[in-house]
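Novice:
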Amino acid sequence: MSRYISLLSFIVFQFLFWSCALPEKINKPNIIVIMADDLGFGDVGAYGAKPENVMTPNIDKLAEGGLKFTSGYCSASTCTPTRYSFLTGTYAFRKNNTGIAPPNSPAIIQPGTETIASILKKAGYKTAVVGKWHLGLGGPEGPDWNG
Numbered sequence: 196m197s198r199y200i201s202l203l204s205f206i207v208f209q210f211l212f213w214s215c216a217l218p219e220k221i222n223k224p225n226i227i228v229i230m231a232d233d234l235g236f237g238d239v240g241a242y243g244a245k246p247e248n249v250m251t252p253n254i255d256k257l258a259e260g261g262l263k264f265t266s267g268y269c270s271a272s273t274c275t276p277t278r279y280s281f282l283t284g285t286y287a288f289r290k291n292n293t294g295i296a297p298p299n300s301p302a303i304i305q306p307g308t309e310t311i312a313s314i315l316k317k318a319g320y321k322t323a324v325v326g327k328w329h330l331g332l333g334g335p336e337g338p339d340w341n342g
């Protein structure tokens, strides 16, 4: 009988120590950025849009369950410099050719440039861009981001 108790105790302690050694799974929050041209602060319900003007129930639900970005200010009024500044964290006016990028223009953000995506990847996130890019597609001398 004593033999079984010893064996059972050994097994219980092994499971106890094994479970303590497992790393905790850290649940990182999801990050979704919706960037739209000509979207005003009050055009989305979560930020005060009047329901009779524009209804955004799904965006409102996302905002209700998360954090809202309320203090972002753009140093430019067009899409290319806005996207450049957001992705790189630098002022577009300090970089040449950050006006409105024409189709198939050279890539404004060069490979290897630290961006919000590269920082998030280092933190274990998977990143993607869906929709309008407007930061150049590579041109004849650089990478062709258009596939």
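Note that the sequence shown covers residues 196 to 342 in our numbering.
Cβ coordinates follow ideal geometry from the N, Cα and C atoms, glycine included.
In this text, all values refer to a predicted model and were calculated from it rather than measured experimentally.
Helix, strand or coil for K321 per DSSP?
Specialist: If DSSP states are grouped into helix, strand and coil, K321 belongs with coil.
Novice: How far does the alpha helix (DSSP H) with T285 in it extend, from its first residue to its last?
Specialist: Element bounds for T285: n/a, residue is neither H nor E.
Novice: From what residue to what residue does the alpha helix (DSSP H) around P252 run?
Specialist: Start and end: P252 to E259.
Novice: Please report the distance separating the alpha-carbon of Y268 from that of K316.
Specialist: So the two alpha carbons sit approximately 25 Å from each other.
Novice: Which residues in the same chain have their Cβ closer than 7 Å to the Cβ of V249, if we skip the five residues on either side of it in sequence?
Specialist: Correct list, in chain order: D238.
Novice: Taking L234 and R278 to be in contact with their CB atoms under 8 Å, please state how far apart those CB atoms are, rounded to whole angstroms.
Specialist: So it is not a contact: roughly 13 Å between Cβ atoms.
Novice: Would you call the stretch 308 to 326 and the stretch 281 to 290 in contact, with 3 or more CB pairs under 8 Å?
Specialist: They touch, by the three-pair rule.
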